[in-house]
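Okay, structure coming up:
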């Protein structure tokens, strides 16, 4: 994969309407974004449609990159992840609850174990400091798009309790990550 | 998905709120309110950015999967051949008209003695950065007046001229001073005309090392005859 500066330069050129830069950005980042979309959507056709929509967003919004201070891969991953979550939620809203398929399990899967060994060891180590249920809840929210109501139902606690506990865990996570 | 309290939640305050937003845990109303604050509050933007970086790390273990080749053709087909800002012409023209009104009302303090032949308002979409430009072809002087916004610390603003479908050409790094007078080189004088685009990008000190914009394009405006 291209390094951070290369991706940043490509985004800058895309912002100026440079189609060849758009192609190069696609080549450098589409596999990662497609992996993320497949993981969240757990459906190949949906992930393919979503990838096209994500790159439409990137094309339209490239000039706004850096307004929010994200690194280039985080910006791209966030666009893809948010788009996939929106899609997932629309899909859930139109399906009767009792027939809705269980979405990709956001519990620590093989990749979570890989994270533990990767350079993101710090994030993983900090997740390990959280109560297992809370670390699981954060992953389910980020990669599964689960809402407080869904998490509360899953962990069988009142919604406000879920929120209070999760917020405490997030502060604990922050404290660990900035340690 | 309601159940949010009107009173601020007890733990974590804005930082926890930024994390909830990054996770997509706020309801629609809460998310809109947060976004409205993001636009105004740099500290909140920084808090959100930190969380977004952390959570994006959750995708580190997700293996890349090469999408099918036909998808590449579909995706590249969405990029129109005309540069993206052309779609904003009507908007740009309106902005220039508005900028002209401001200059007239303000007694046009910075305009050269002679009427400029070409003007442009170079503005960010959210108007965090706004520059007014006026070009006098008789003297080949381009005067740029930065009216709001500035380079972030340790970075500079670089001005670009884009004529037609040509690649951007640098007009130089803008000084810290809000007002810049740029002597336009001979080769670029004919390009600086109605319809061309002026753009400002974020660059390392000394300007783009590559001769092309390397940082974000922060502001764009179309040149019109005055």
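Residue numbers (the numbering used here), protein chains in the order written: chain B, 81 to 259; chain E, 901 to 1126.
Every residue, glycine too, gets a C-beta built ideally from N, C-alpha and C.
- Under the 8 Å Cβ criterion, the region 1082–1091 of chain E does not count as touching the region 113–125 of chain B, having fewer than three qualifying pairs.
- Annotated as distal: residue 967 of chain E and residue 90 of chain B, with beta-carbon spacing of 7 Å or more.
- As summarised for the region 94–151 of chain B, the continuous alpha helix (DSSP H) elements at least 4 residues long and confined to that stretch are 99–121, 124–141, given in chain order.
- Contact between residue 1042 of chain E and residue 1100 of chain E is absent: CB atoms are separated by about 13 Å, not below the 8 Å threshold.
- The contact set of residue 257 of chain B on chain E, defined by CB atoms closer than 9 Å, consists of 950, 954 in chain order.
- Taking the beta carbon of residue 224 of chain B as reference, no residue of chain E falls within 7 Å; the closest one sits roughly 10 Å away.
- Under the 10 Å beta carbon count, residue 1109 of chain E is surrounded by fewer than 16 other beta carbons and is classified as exposed.
- In this chain, residue 1108 of chain E is not harboured by any beta strand (DSSP E), its DSSP state being neither H nor E.
- At a cut-off of 7 Å, the C-beta of residue 110 of chain B has a neighbouring C-beta in chain E.
- Remark: fewer than three beta-carbon pairs, one from each stretch, lie closer than 8 Å, so the region 1016–1023 of chain E and the region 1065–1085 of chain E are not flagged as touching.
- Shown here, residue 1126 of chain E sits in coil according to DSSP, grouped into three states, outside any helix or strand.
- In the DSSP annotation of this structure, the continuous segment of the alpha helix (DSSP H) that includes residue 219 of chain B starts and ends at 212–224.
- Counting along the chain, residue 929 of chain E sits inside the alpha helix (DSSP H) bounded by residues 928–940.
- By the C-beta density criterion, residue 1125 of chain E is exposed, having fewer than 16 other C-beta atoms within 10 angstroms.
- Boundaries of the alpha helix (DSSP H) around residue 916 of chain E: 913–923.
- Beta bridge pairing from DSSP links residue 1060 of chain E with E:1070, E:1099.
- Comparing C-alpha distances from residue 920 of chain E to each of E:950, E:939, E:941 shows the shortest one belongs to E:950.
- With a threshold of 16 other beta carbon atoms within 10 Å, residue 204 of chain B meets it and is buried.
- When DSSP states are grouped into helix, strand and coil, residue 1048 of chain E belongs to the strand group.
- Look at the beta carbons and you see the region 96–112 of chain B touching the region 961–978 of chain E: at least three pairs across the two are nearer than 8 Å.
- By the CB criterion at 7 Å, residue 1053 of chain E and residue 1030 of chain E fall outside the cutoff.
- Each residue's CA atom was taken as its position, placing residue 947 of chain E and residue 232 of chain B some 26 Å apart.
- In terms of beta-carbon proximity, residue 237 of chain B stays away from the interface with chain E, with every pair separated by 7 Å or more.
- Any Cβ of chain B closer than 7 Å to the Cβ of residue 1033 of chain E would place that residue at the interface, and such an atom is absent.
- Within chain E, the residues whose beta carbon sits less than 8 Å from that of residue 131 of chain B are 967, 971, 975, listed in sequence order.
- The beta carbons of residue 1045 of chain E and residue 1024 of chain E sit no closer together than 7 Å.
- Exposure of residue 1094 of chain E is indicated by the presence of fewer than 16 other C-beta atoms within 10 angstroms of its C-beta.
- According to the DSSP assignment, residue 1021 of chain E belongs to the beta strand (DSSP E) that extends over 1018–1023.
- Per the Cβ contact rule, the region 914–930 of chain E is not in contact with the region 117–128 of chain B (fewer than 3 Cβ pairs under 8 Å).
- Our two residues, residue 1034 of chain E and residue 1027 of chain E, have alpha carbons roughly 19 Å apart in a direct line.
- Contact of residue 1114 of chain E with chain B is assigned, a C-beta pair being separated by under 7 Å.
- In this structure residue 155 of chain B is not in contact with residue 102 of chain B, their Cβ atoms being roughly 15 Å apart against a cut-off of 8 Å.
- Within chain E, the residues whose beta carbon sits less than 9 Å from that of residue 88 of chain B are 1114, 1115, 1116, listed in sequence order.
- If you check the CB distance, residue 222 of chain B and residue 923 of chain E come in under 7 Å.
- In the DSSP assignment, residue 205 of chain B falls within the alpha helix (DSSP H) that extends over 201–209.
- Under the three-state reduction of DSSP, residue 1088 of chain E is assigned to helix.
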